[in-house]
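Notes follow the structure.
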Amino acid sequence: MLKLIFSSLVHHPARTFLCVFMVGVALVLGLVIKGLASGLLTEKIVRTQGIGADLMLQAPRSSYLLGLGRNVLPARMAEKLLEVEGVKAATPVATEASFTNRLEVVFGIDLETFNGVSGGFRYVAGGPFTGPYTALVDDVYTRTHHVGLGSKVTYLNHQFTVCGIVEHGKGARVFVPLATLQDLVAPEKCAVIFLKCSSSDATEVVKERLKQFQGGALRNYQITAMRDLTTLLTPSAIVGLQEFLIVVVGFAAVINFLVIFLALYTQVLAHTREIGILRALGATRKYIINMVLGEALFLGLVGAALGLAAYQMTKVILLSLFPGLSFLLPLDFTIEVVAVALASAVLGASYPAYRAARSEPIVVLSYE
Amino acid sequence: MNETRHVEAASPRAVIEARGLSKTFACDSQTTAALERVDLTVQQGEFVAIMGPSGSGKSTLLYLIAGLAEPTAGEVRIDGTAISSLPDAERARMRSLKMGFVFQRFNLLGFLSVRHNIEVPRLLGWNSSRKGRTVEELLAAVGMEKRIRQRVSELSAGEQQRVAIARALINEPDILLADEPTGNLDSRNAEAILDLLLRLKRELRLTILLVTHNPDVAALADRIVEMQDGSIRREWKPEDVRPWVEWHRKLSAPFPG
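Residue numbers (my numbering), protein chains in the order written: chain S, 1046 to 1413; chain U, 93 to 349.
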């Protein structure tokens, strides 16, 4: 049967190519969107965890995506939290999402206490803040924004001079002095307080103590262990993203279904005689059905392989154009999407297969 | 080619038996009777030609015997087994192993080479335990051994029919069903194909049931069945159709220059 399927596919190269191409295109759409969403989220988690804190304290019902939360916490609270047993260091961070050129989250930090929690930046060039309107940027930012030491960057309608370039992985890509950001957006406030515990093993205990602190004043605050971010920051945690992905995969499945259906249906209509010949030579209806479904499965498989290859190619191209992007394609999602592609291909071939098996050799072969 | 078959030849048996065979086709609200109560018996090793005008039911009879359609009434027995009452898979199996089919329009698969076209009946999965004839042997038998790798679209009509005959014989069938096998060939190629069929019949002791319009072809058979309006009108011996042959030859002859 395989010989017949392959020969038929090779004999109709344009049809085969178009089918495979369309299945691949439909697939790559879902893969790129999912890869990008997962990659950016994971990269965000890794960067946030890279700060080195054990806990972070936010206002109730704040987003885990730093930069989306509001600066409503009193920054002085950080000093107060040092009184909690087991808290070794605490640092307030004001955040602001800037849309000047592209979405960028800026951290307003108190360098001394931030270093106390994070262990300090590694400077690639330059050094700490030299004035209120100076900024630290990470090495990825210098590549994506083509800036260097002494360059001017504009945030919140103010120009900052880049005074230091640091290794990436400490929360944000741009850091400005906390006091400056507070003056610009929320005086004396911050969005999050990062806490370093005396021992990482004591995180849960310290979390409980924080909730009890000062008669339970922080009971309703959002206190998160940094190691839990991996499970908290998923596409399903972002409203609409999961649904969007389902719609994209659904569309891909519909496109696959239609492409395979049309290609194989026209093939069956155009080749009723060949089907009749096979029946006359001893092929059962089941054999004909399996042959048409096998062809669809093969088209789906090659299309899926092409889709995966196209995803890798798209990833390389996008990363070379936008180094700040990040891709991560979870294996379970990949398997799910490929399974949907194959299932829709087989489903699309079901009616043509049924139609082919139903054709009467006596009708298609009669010639008098 | 096969010694055991010569031994069996001593006691011929009925390999094809059609009893009260009728077939009605329904189209829209009308029904057309293509066959009406046909009885036909073909002995092992016999060559029977079915003649008759277009629409007389010749091909329908052939396809019912092959189990490619179910009769409206009556039954077909192949080697004693009622093929018409078998399920689809069993009918397909019997068709693949017991019968070879040769068509007027050759009906080769254009996307396959000569070799793969001949192999198709084996690809259908019925004869995995049989060793059978090789493609090379069959191509040598039909005089096409040098064209094994070619696409069938590159062959002449006569060559295509030879490949179709080789394909029909790959599973070593007992019965060869041929629907106007020379209908699309010029007289020289037609003659060569008929010679080939007669030789294969002798060597393999094939039972041949052949549909034709051509009295020249029918005259080569052991027995001629004449059909009209879906029924068998009468049977002829080859010598009975000689006047037809002469008449047909005169009609077919080119006009004098």
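The C-beta atom is built at its ideal place from N, Cα and C for all residues, glycine as well.
It should be emphasised that the depicted structure is a prediction, and the values quoted were computed from it without experimental measurement.
(request) Using three-state DSSP, classify residue 131/U as helix, strand or coil. (result) DSSP places residue 131/U in strand when its eight states are reduced to three.
(request) Please confirm whether residue 1339/S and residue 1050/S have their CB atoms less than 7 Å apart. (result) yes
(request) Count the CB pairs spanning the stretch 1312-1329 of chain S and the stretch 194-213 of chain U that are closer than 8 Å, and state whether there are at least three. (result) yes
(request) Identify every run of the alpha helix (DSSP H) within the stretch 251-321 of chain U, keeping only runs that are complete inside it and at least 4 residues long; order them along the chain. (result) 279-296, 307-310
(request) Would you check if the distance between the CB atom of residue 1378/S and the CB atom of residue 1133/S is smaller than 7 Å? (result) no
(request) Measure from the alpha carbon of residue 266/U to the alpha carbon of each residue in 130/U, 324/U, 139/U, then state which is nearest. (result) Its Cα nearest to that of residue 266/U, the residue 139/U stands out among 130/U, 324/U, 139/U.
(request) Return the residues of the stretch 152-167 of chain U that lie within a Cβ-Cβ distance of less than 9 Å from chain S, sorted by chain order. (result) Cβ contacts with chain S: 152, 155, 156, 158, 160, 161.
(request) Determine the DSSP secondary structure at residue 1221/S, reduced to helix, strand or coil. (result) strand
(request) Mind checking which residues open and close the alpha helix (DSSP H) that includes residue 1397/S? (result) 1376-1403
(request) Just grab the DSSP bridge partners of residue 186/U for me. (result) Answer by DSSP bridge pairing: none, since residue 186/U is not bridged.
(message) If the cut-off is 8 Å on Cβ atoms, which residues from the stretch 1323-1341 of chain S count as contacting chain U, listed in chain order?
(response) 1323, 1324, 1325, 1326, 1327, 1328, 1329, 1330, 1331, 1332
(request) Identify every residue that forms a DSSP beta bridge with residue 1209/S. (result) 1171/S, 1181/S
(request) State the Cα-Cα distance for the pair residue 1198/S and residue 1181/S, rounded to the nearest angstrom. (result) 10 Å
(message) Here's the rule I'm using: 16 or more other beta-carbon atoms within 10 Å means buried, otherwise exposed. How should residue 1159/S be labelled?
(response) buried
(message) So within the stretch 1046-1089 of chain S, which uninterrupted alpha helix (DSSP H) runs reach at least 4 residues, ignoring any that extend past its ends?
(response) 1047-1056
(message) Give me the chain U residues within the contact set of residue 1344/S, using Cβ-Cβ distance strictly less than 7 Å, ordered along the chain.
(response) None at all; the shortest Cβ gap to chain U is about 16 Å.
(message) Could you pull the DSSP bridge partners for residue 1199/S from this structure?
(response) Residue 1199/S is bridged to 1204/S.
(request) Would you check if the distance between the CB atom of residue 1056/S and the CB atom of residue 203/U is smaller than 7 Å? (result) yes
(request) Sort 1093/S, 1333/S, 1194/S by Cα distance to residue 1215/S and report the nearest one. (result) 1093/S
(message) Tell me the rounded alpha-carbon separation between residue 230/U and residue 1296/S.
(response) 52 Å
(request) Give the interface partners of residue 188/U over in chain S, defined as CB-CB distance under 9 Å, in chain order. (result) 1326, 1327, 1328
(request) Determine the burial state of residue 1064/S: buried for a count of at least 16 other Cβ atoms within 10 Å of its Cβ, exposed for fewer. (result) Under the 10 Å beta carbon count, residue 1064/S is surrounded by 16 or more other beta carbons and is classified as buried.
(request) Verify the CB distance criterion: does residue 265/U have a CB-CB separation below 7 Å to chain S? (result) no
(request) Leaving aside the five residues before and after residue 1294/S along the sequence, list all residues of the same chain whose C-beta is less than 7 Å from its C-beta, in chain order. (result) 1075, 1382, 1385
(message) My parser needs the alpha helix (DSSP H) runs of 4 or more residues fully inside the stretch 108-174 of chain U; what are they?
(response) 150-157
(message) Using 7 Å as the threshold, is the C-beta distance between residue 300/U and residue 268/U below it?
(response) yes
(request) Taking residue 1111/S as the reference, give the member of 1117/S, 1150/S, 1091/S with the closest Cα. (result) 1150/S
(message) Less than 7 Å between CB atoms is the rule here; does residue 1404/S satisfy it with respect to chain U?
(response) no
(request) Can you grab the Cα-Cα spacing for the pair residue 1200/S / residue 1354/S, in whole Å? (result) 39 Å
(request) Compute the beta-carbon to beta-carbon distance between residue 275/U and residue 148/U, rounded to the nearest angstrom, for a pair I have assumed lies under 8 Å. (result) Going by Cβ atoms, the distance from residue 275/U to residue 148/U rounds to 15 Å, so no, they are not a contact pair.
(request) Identify whether residue 191/U lies in helix, strand or coil by the three-state DSSP scheme. (result) strand
(message) Quick check: residue 1129/S and residue 1235/S, are their CB atoms within less than 7 Å of each other?
(response) no
(message) On a Cα-Cα basis, can you pick out the residue from 1100/S, 1285/S, 1324/S, 1152/S that is closest to residue 1217/S?
(response) 1152/S
(request) Run the CB neighbour count on residue 1245/S, radius 10 Å, all protein chains shown included, and call it buried at 16 or more, exposed below. (result) exposed
(message) Between residue 1407/S and chain U, is any beta-carbon pair separated by less than 7 Å?
(response) It does: the Cβ of residue 1407/S has a partner Cβ on chain U nearer than 7 Å.
(request) Leaving aside the five residues before and after residue 178/U along the sequence, list all residues of the same chain whose C-beta is less than 8 Å from its C-beta, in chain order. (result) 159, 186
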